[in-house]
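Trainee: Using this note's numbering, the letters of the sequence shown map in sequence onto residues 134 to 502.
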Amino acid sequence: MDVLEILDIESSVSLPERYNRLSIAEMEERVREIKLKFGKKLFIPGHHYQKDEVIQFADARGDSLKLAQICATMDEAEFIVFCGVHFMAETADMLTKGDQKVILPDMRAGCSMADMADIEQTVKGWELMQETWGDTILPLTYVNSTAAIKGFVGKYGGATVTSSNAKQMLEWAFTQKSRILFLPDQHLGRNTAFDLGIPLEQMAVYAPLENKFEFEGDLDDVKVILWKGHCSVHEKFNIKHVENLRERDPDVNIIVHPECTYDVVQSADYKGSTNYIIKTIEAAPSGSKWAIGTEMNLVNRLIEENPDKEIESLNPFMCPCLTMNRIDLPHLLWSLEKLEEGEVVNQISVPEEVTKHAVLALNRMLERS
Ligand code: 13P
Ligand code: SF4
Numbered sequence: 134m135d136v137l138e139i140l141d142i143e144s145s146v147s148l149p150e151r152y153n154r155l156s157i158a159e160m161e162e163r164v165r166e167i168k169l170k171f172g173k174k175l176f177i178p179g180h181h182y183q184k185d186e187v188i189q190f191a192d193a194r195g196d197s198l199k200l201a202q203i204c205a206t207m208d209e210a211e212f213i214v215f216c217g218v219h220f221m222a223e224t225a226d227m228l229t230k231g232d233q234k235v236i237l238p239d240m241r242a243g244c245s246m247a248d249m250a251d252i253e254q255t256v257k258g259w260e261l262m263q264e265t266w267g268d269t270i271l272p273l274t275y276v277n278s279t280a281a282i283k284g285f286v287g288k289y290g291g292a293t294v295t296s297s298n299a300k301q302m303l304e305w306a307f308t309q310k311s312r313i314l315f316l317p318d319q320h321l322g323r324n325t326a327f328d329l330g331i332p333l334e335q336m337a338v339y340a341p342l343e344n345k346f347e348f349e350g351d352l353d354d355v356k357v358i359l360w361k362g363h364c365s366v367h368e369k370f371n372i373k374h375v376e377n378l379r380e381r382d383p384d385v386n387i388i389v390h391p392e393c394t395y396d397v398v399q400s401a402d403y404k405g406s407t408n409y410i411i412k413t414i415e416a417a418p419s420g421s422k423w424a425i426g427t428e429m430n431l432v433n434r435l436i437e438e439n440p441d442k443e444i445e446s447l448n449p450f451m452c453p454c455l456t457m458n459r460i461d462l463p464h465l466l467w468s469l470e471k472l473e474e475g476e477v478v479n480q481i482s483v484p485e486e487v488t489k490h491a492v493l494a495l496n497r498m499l500e501r502s
């Protein structure tokens, strides 16, 4: 990367100082004004993990699947200001038409899990897998991955998955090949495969840093190869939290996201995607008690929106996803004011040669969801 490229990235992430001096009311008023001015030319999707100060301005709220589905059909908006993380904005760019511009208000809004699989490691690991098992493997990637990984998966006949459809996508994948490589979240992969009846003894972990498998047994028995990645937010729930809660109050229902570890998921009463968690809490009877194992902005919103239920986090010291939190009101306003001035900042634009394969992977998922 040359100096000019570095300067370009730095200038695109730095928020002008004056935004720190505006009051919340002033910023909210300006966002409202700009939204009104742009009308249908502007669309703001917001992931459920976004802070309230941002999600209040979302034209659509959703989990990763819903937001991808909406972006795939949203053809009237010229500008899509994505309130979520980088891989979601990339997905939106790949699913929208060429003249639609996708903007991420803060380029630092990445995802530590997506960063755990890069394309060079994937190509190297795939070679080792082909040497070990031959042409028996179909790659699947959680949408929480870079566009390049989605492109790789699309090229080799595989698909993307989200936590809402991982089970049906894995079932489909086994109709294509006898083994599955699941990137980059080992926990979602393990939890989903176990749900389908595949024993843990038939799952190997691929460690990209060492380019080797973590597996004891006969490699011929392996059905699922789990990429050694994880979500640093959902890994903050552990079995001790479950035990403490059960001891304190046996009437509390425990519900967790499948990005949590296998033992946490097994010991919970309910498990499922962001959408499933929201729907389950909304439908729960008044007075019921819930401990939720997922991101904290969402848990706080569920507490606020369901005052008739007793809701808490499964981990009493839980915090929000820090990269999701990079998108805040000042950055949202800044990107909108720039649009008003006729300048597009922080545009997410995936190269065509990556998009053409990645879209195959995304469409294989969208057709089955
Ligand atoms: P879902 O939106 O698919 O539930 O994923 C949760 C998540 O971690 C998003 O980054
Ligand atoms: Fe990534 Fe986890 Fe944050 Fe989701 S919650 S964006 S998977 S780090």
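C-beta: ideal position from N, C-alpha, C; glycine also.
Run through DSSP, which three-state label would His-390 get?
Mentor: If DSSP states are grouped into helix, strand and coil, His-390 belongs with coil.
Trainee: If distances are taken between C-alpha atoms only, which option among Asp-396, Thr-427, Pro-391 and Glu-476 comes closest to Asp-318?
Mentor: For the residues Asp-396, Thr-427, Pro-391 and Glu-476, the minimum Cα distance to Asp-318 belongs to Pro-391.
Trainee: So does Asn-277 have its beta carbon nearer than 7 Å to some heavy atom of ligand 1?
Mentor: Yes, since a heavy atom of ligand 1 falls inside the 7 Å radius drawn around the Cβ of Asn-277.
Trainee: Skipping 5 residues on each side, what residues in its chain have a beta carbon closer than 8 Å to that of Ile-139?
Mentor: Note that Ile-139 scores 39 on pLDDT, short of 50, meaning its location in the model is unreliable and no value can be drawn from it.
Trainee: In terms of alpha-carbon separation, which member of Ile-444, Thr-224, Leu-455 and His-374 lies closest to Met-498?
Mentor: Out of Ile-444, Thr-224, Leu-455 and His-374, Thr-224 has the C-alpha closest to the C-alpha of Met-498.
Trainee: Report the three-state DSSP secondary structure of Thr-274 (helix, strand or coil).
Mentor: Strand.
Trainee: Compare the C-alpha of His-490 against each of Leu-466, Ser-365, Asp-441 and Leu-228 and name the closest.
Mentor: Closest option to His-490, Cα to Cα, is Leu-228.
Trainee: In or out: Ser-144 buried (at least 16 other Cβ within 10 Å) or exposed?
Mentor: In this prediction, Ser-144 scores a pLDDT of 42, lower than 50, which makes its location untrustworthy; the coordinate-derived value is nonetheless stated afterwards. Exposed is the call here.
Trainee: Does the Cβ of Phe-450 have 16 or more other Cβ atoms within 10 Å, making it buried, or fewer, making it exposed?
Mentor: It is exposed - the Cβ of Phe-450 has fewer than 16 other Cβ atoms within 10 Å.
Trainee: Whole-angstrom Cβ separation of Phe-176 and Asp-192, contact assumed at under 8 Å?
Mentor: Confirmed, about 5 Å.
Trainee: Taking buried to mean at least 16 other C-beta atoms within 10 Å of its own C-beta, is Asp-354 buried or exposed?
Mentor: Classification of Asp-354: exposed, given that the 10 Å Cβ count is below 16.
Trainee: Just to confirm before moving on: does the CB-CB distance between Pro-332 and Ala-250 stay below 8 Å?
Mentor: The answer is no: Cβ separation not under 8 Å.
Trainee: State the start and end residues of the unbroken alpha helix (DSSP H) segment that holds Gly-258.
Mentor: Unbroken alpha helix (DSSP H) run through Gly-258: 252-266.
Trainee: Where Ile-142 and Leu-148 are concerned, what is the direct C-alpha to C-alpha distance, given to the nearest angstrom?
Mentor: Low local confidence applies: a pLDDT of 44 at Ile-142 is under 50, so the model's placement there is unreliable, with the coordinate-based value given in what follows. Using only the alpha carbons, I get a separation of about 12 Å.
Trainee: Just the C-alpha distance for Phe-215 and Met-221, rounded to the nearest angstrom, thanks.
Mentor: Each residue's alpha carbon lies about 8 Å from the other.
Trainee: Once DSSP output is grouped into helix, strand and coil, what is the label at Asp-135?
Mentor: Because the pLDDT of Asp-135 is 39, which lies under 50, any placement of that residue in the model is unreliable, and the number read from its coordinates should be weighed accordingly. Coil.
Trainee: Check whether the Cβ of Ser-365 lies closer than 7 Å to any heavy atom of ligand 2, and answer yes or no.
Mentor: Ser-365: yes, Cβ under 7 Å from ligand 2.
Trainee: With C-beta atoms as the reference, is Val-286 less than 8 Å away from Thr-293?
Mentor: Contact flag set, yes.
Trainee: Which of helix, strand or coil does DSSP assign to Tyr-289?
Mentor: Correct three-state label for Tyr-289: coil.
Trainee: Write down the C-beta distance between Ile-411 and Leu-435 rounded to the nearest angstrom, noting that I regard them as a contact closer than 8 Å.
Mentor: Indeed they touch by this definition, with Cβ atoms about 7 Å apart.
Trainee: Can you give me the C-alpha to C-alpha distance between Val-397 and Glu-159, rounded to a whole angstrom?
Mentor: Near 44 Å, if we compare the C-alpha coordinates of Glu-159 and Val-397.
Trainee: Is it true that the CB of Ile-425 sits closer than 8 Å to the CB of Leu-447?
Mentor: The answer is yes: Cβ separation under 8 Å.
Trainee: Which residue's Cα is closest to the Cα of Val-276: Val-218, Lys-288 and Val-389?
Mentor: For Val-276, the nearest C-alpha among the options comes from Val-218.
Trainee: Look up Ile-425 in the DSSP assignment and give the residues it is bridged to.
Mentor: According to DSSP, Ile-425 bridges with Ile-388 and Ser-446.
Trainee: Does the Cβ of Ser-311 lie closer than 7 Å to at least one heavy atom of ligand 2?
Mentor: Incorrect: Ser-311 has no Cβ contact closer than 7 Å to ligand 2.
Trainee: By the three-class DSSP mapping on this structure, what secondary structure does Phe-326 have?
Mentor: Here the sequence assigns Ala to residue 326, which means Phe is not the residue at that position. Correct three-state label for Ala-326: helix.
Trainee: Out of Gln-202, Leu-198 and Lys-234, which has the shortest C-alpha to C-alpha gap to Ala-210?
Mentor: With distances taken between Cα atoms, Ala-210 lies closest to Lys-234.
Trainee: Buried or exposed: Asn-430, going by 16 or more other Cβ atoms within 10 Å of its Cβ?
Mentor: Result: buried.
Trainee: Could you please go through the chain and list the residues whose beta-carbon is closer than 5 Å to any non-hydrogen atom of ligand 1?
Mentor: The set, ordered by position in the chain, is Asp-196, Ser-197, Thr-295, Ser-296, Ser-406 and Thr-407.
Trainee: So for Gln-301, helix, strand or coil by DSSP?
Mentor: Correct three-state label for Gln-301: helix.
Trainee: Beta-carbon separation of Leu-469 and Val-187 under 8 Å?
Mentor: No, Cβ-Cβ distance for Leu-469 and Val-187 is not below 8 Å.
Trainee: Out of Leu-316, Gly-291 and Glu-445, point me to the one whose CA is closest to Gly-258's CA.
Mentor: Residue Leu-316 is the option with its Cα nearest to Gly-258.
Trainee: When every heavy atom of ligand 2 is checked, does at least one fall within less than 7 Å of the C-beta of His-398?
Mentor: At residue 398 the sequence reads Val, which differs from the His that was named. Checking the Cβ of Val-398 against ligand 2 gives no.
Trainee: Write down the C-beta distance between Leu-329 and Glu-304 rounded to the nearest angstrom, noting that I regard them as a contact closer than 8 Å.
Mentor: Right, the Cβ-Cβ distance comes to about 7 Å (below 8 Å), so this counts as a contact.
Trainee: Just the Cα atoms here: how many angstroms apart are Met-207 and Arg-194?
Mentor: Their Cα atoms are separated by approximately 14 Å.
Trainee: Do you know how far the Cα of Leu-378 is from the Cα of Thr-394?
Mentor: Looking at the two C-alpha atoms, the distance is approximately 17 Å.
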